[in-house]
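Residue numbers (the working numbering), protein chains in the order written: chain A, 1 to 250; chain B, 1 to 250. Ideal Cβ placement from N, Cα and C applies to all residues, glycine included. Only one structure is covered here, and it is reproduced in the block below.
Protein chains: 2
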Amino acid sequence: MLLAQAPDGVPMISGGDDLAAVLAPVLGALSWPDGSTGLADGDVVVVASKVVAKAERRLVPARDDAERDAAIAAQTVRVVAERDRPDGGVLRIVETPQGLVMAAAGVDTSDVPPGTALLLPEDPDASARRLRRGLHARLGARPGVLVTDTAGRPWRRGVADLAIGAAGVVLLLDMRGEKDAYGRALQSSIIATADEIAAAAELVKGKVAGRPVAVVRGMGHLVTTEDGEGARSLVRPPEEDLFRHAVTDD
Amino acid sequence: MLLAQAPDGVPMISGGDDLAAVLAPVLGALSWPDGSTGLADGDVVVVASKVVAKAERRLVPARDDAERDAAIAAQTVRVVAERDRPDGGVLRIVETPQGLVMAAAGVDTSDVPPGTALLLPEDPDASARRLRRGLHARLGARPGVLVTDTAGRPWRRGVADLAIGAAGVVLLLDMRGEKDAYGRALQSSIIATADEIAAAAELVKGKVAGRPVAVVRGMGHLVTTEDGEGARSLVRPPEEDLFRHAVTDD
Chain A
1 MLLAQAPDGV PMISGGDDLA AVLAPVLGAL SWPDGSTGLA DGDVVVVASK
51 VVAKAERRLV PARDDAERDA AIAAQTVRVV AERDRPDGGV LRIVETPQGL
101 VMAAAGVDTS DVPPGTALLL PEDPDASARR LRRGLHARLG ARPGVLVTDT
151 AGRPWRRGVA DLAIGAAGVV LLLDMRGEKD AYGRALQSSI IATADEIAAA
201 AELVKGKVAG RPVAVVRGMG HLVTTEDGEG ARSLVRPPEE DLFRHAVTDD
Chain B
1 MLLAQAPDGV PMISGGDDLA AVLAPVLGAL SWPDGSTGLA DGDVVVVASK
51 VVAKAERRLV PARDDAERDA AIAAQTVRVV AERDRPDGGV LRIVETPQGL
101 VMAAAGVDTS DVPPGTALLL PEDPDASARR LRRGLHARLG ARPGVLVTDT
151 AGRPWRRGVA DLAIGAAGVV LLLDMRGEKD AYGRALQSSI IATADEIAAA
201 AELVKGKVAG RPVAVVRGMG HLVTTEDGEG ARSLVRPPEE DLFRHAVTDD
């Protein structure tokens, strides 16, 4: 059974906060249906990149459109697609220094002080490893940690959460050695487990509820002792990328 | 709290099976941490398109590559991207009659009898509505129902599950009316809830475990009395689609 919950009572995060120190009391007080409390080995702690970035002082000035556009440009490695918007601006889907493909380079102007914008964490895998170490030191348990962000998808409406940083979580579950009921190798057999955990966590975290962190229990087979290679490895290499350039017919 | 589980003991599905009749005893016997059993209003039943398609007799002959390619071609509305594969074949990402963008038009040769291939359900939303009615008639509860399939994603490695059919589930949660802590409208604010439920369900269903159906509990705010407009509505309209054509530089 998979269980996921997002505690209330996470304090507002400010620049310079030690995220593990802030989250440990809240996570340590979680209650589970079996009567247990707190974090256990094999849990996955899923934290929104927004609070990671705030703690890491990734706020930049964005007093007007020009400053916001400059912040986005500075986080743009490559433009993947762009199109004029009805409001006169340009919608730009770009690759960020983290290898992510996102609208506006993941630069966030929701839920930040007026006149500012929030960049993605510079190295979300390092952020995940640091939070994992800090939670282990404070709570004893050794959870996996995912740092997540929200992205649109080609061809489908709506946005969904993805793992952009990871420590101690199996990111891709390779089933290619497995056989089907007829003894043949499985198709479609490398499962994006970290992104699926991120999606499950989003369902309980939500966007405005002041619940930026969730814990997913029951996926201990996807939690490893080693931190592993990080979510950066989820980025498809250019030579496998069929959608490196897009053409729009507008 | 979100809970998700995938029962063992689902019988092998054959052409012509009444899926609700086959699944009702298995779902009715589920045990939950609070001591309750079976299905409740507000649960979401998530079923792999594979068993829906098998019940709906969507197996076609595929005795060789030519027959398989013909099956794929017949399910192709539009080629979105293609590239030569090292084995001499062609990897083709296409749009299906259901509006889905998938490799090989979603035609499945895993876990089907040798010499056959399995097409997607012709109308997965109708399949979901039928299963919902059938489970309600047999078990009394009125769950939401999702039919899911597995797809690759541009730019990221690995595959994840998506909702391709739906009845009684909020597919997109529109948060645009909500305000952040500073009183401004949220960005990235239409959440693909049905796809996130599909992803959570995949984590407990898995691919080879013989568990093609999962139940997700705790998301009752996303379950509606009306069946709603169906997962077909998740397909991004062409005029919003920045990735309608892809160019590959190989």
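Assumed close pair residue i, residue j - CB separation to whole angstroms, cut-off 8 Å
i, j, result
"residue 43/B", "residue 215/B", "5 Å"
"residue 4/B", "residue 201/B", "6 Å"
"residue 231/B", "residue 181/B", "With 8 Å as the limit, residue 231/B and residue 181/B do not qualify as a contact, their Cβ atoms being about 33 Å apart."
"residue 235/B", "residue 99/B", "4 Å"
"residue 46/A", "residue 13/A", "15 Å between Cβ atoms; not a contact."
"residue 6/A", "residue 213/A", "7 Å"
"residue 17/B", "residue 55/B", "5 Å"
"residue 149/B", "residue 210/B", "The Cβ separation is near 18 Å, so there is no contact."
"residue 171/A", "residue 233/A", "7 Å"
Status (buried if at least 16 other CB within 10 Å, exposed otherwise) for residue i
i, result
"residue 179/B", "exposed"
"residue 176/B", "exposed"
"residue 74/A", "exposed"
"residue 225/A", "exposed"
"residue 37/B", "exposed"
"residue 199/B", "buried"
"residue 20/A", "buried"
"residue 244/A", "buried"
"residue 192/A", "buried"
"residue 81/B", "buried"
"residue 8/B", "exposed"
Alpha helix (DSSP H) segment containing residue i, residue limits
i, result
"residue 150/A", "Element bounds for residue 150/A: not the alpha helix (DSSP H) but the beta strand (DSSP E), 144–153."
"residue 27/B", "19–28"
"residue 124/A", "124–139"
"residue 116/A", "Note, residue 116/A: premise wrong, no alpha helix (DSSP H); beta strand (DSSP E) at 116–118."
"residue 66/A", "65–74"
C-alpha distance - residue i paired with residue j, whole-angstrom precision
i, j, result
"residue 22/A", "residue 11/A", "7 Å"
"residue 146/A", "residue 63/B", "44 Å"
"residue 91/A", "residue 79/A", "11 Å"
"residue 49/B", "residue 121/A", "38 Å"
"residue 190/A", "residue 144/A", "20 Å"
"residue 325/B", "residue 117/B", "In the structure displayed, chain B extends from 1 to 250; residue 325/B sits before or after that span and is not available."
"residue 220/A", "residue 34/A", "16 Å"
"residue 86/B", "residue 103/A", "33 Å"
"residue 2/A", "residue 67/A", "44 Å"
"residue 227/A", "residue 159/A", "28 Å"
"residue 206/A", "residue 115/B", "46 Å"
"residue 197/A", "residue 157/B", "15 Å"
"residue 135/B", "residue 162/B", "22 Å"
"residue 248/B", "residue 132/B", "Per-residue confidence for residue 248/B stands at a pLDDT of 48, beneath the threshold of 50, marking its modelled position as unreliable; the derived number appears in the next sentence. So the alpha carbons of these two residues sit roughly 42 Å apart."
"residue 186/A", "residue 96/B", "22 Å"
"residue 31/B", "residue 217/B", "12 Å"
"residue 15/B", "residue 203/A", "35 Å"
"residue 60/A", "residue 69/A", "12 Å"
"residue 57/B", "residue 241/A", "35 Å"
"residue 237/A", "residue 26/B", "43 Å"
"residue 84/A", "residue 124/B", "34 Å"
"residue 184/A", "residue 65/B", "16 Å"
"residue 154/A", "residue 222/A", "28 Å"
"residue 94/B", "residue 229/B", "24 Å"
"residue 77/B", "residue 119/B", "14 Å"
"residue 89/A", "residue 101/A", "19 Å"
"residue 239/B", "residue 28/A", "48 Å"
Unbroken beta strand (DSSP E) run spanning residue i, endpoints
i, result
"residue 165/B", "156–167"
"residue 237/A", "No beta strand (DSSP E) holds residue 237/A; DSSP gives it neither H nor E."
"residue 83/B", "78–84"
"residue 95/B", "90–95"
"residue 214/A", "213–217"
"residue 203/B", "Note, residue 203/B: premise wrong, no beta strand (DSSP E); alpha helix (DSSP H) at 193–205."
"residue 55/B", "Residue 55/B -> not in any beta strand (DSSP E); alpha helix (DSSP H) instead, spanning 49–55."
"residue 60/A", "59–61"
"residue 2/B", "2–5"
"residue 101/A", "101–103"
is_contact[residue i, chain E] using C-beta, thresh 8 Å
i, result
"residue 34/A", "Within the model displayed, chain E is absent; protein chains A and B are what it includes."
Heavy atom of the ligand COA within 7 Å of residue i beta-carbon
i, result
"residue 37/A", "The ligand COA is absent from the structure shown, which contains no ligands of any kind."
I want to know whether the region 155–172 of chain A touches the region 112–131 of chain A - three or more CB-CB distances under 8 Å. The region 155–172 of chain A vs the region 112–131 of chain A: in contact.
Check whether the region 101–116 of chain A and the region 133–145 of chain A are in contact - that is, three or more C-beta pairs closer than 8 Å. When C-beta atoms of the region 101–116 of chain A are compared with those of the region 133–145 of chain A, fewer than three pairs fall below 8 Å, so the two segments do not count as touching.
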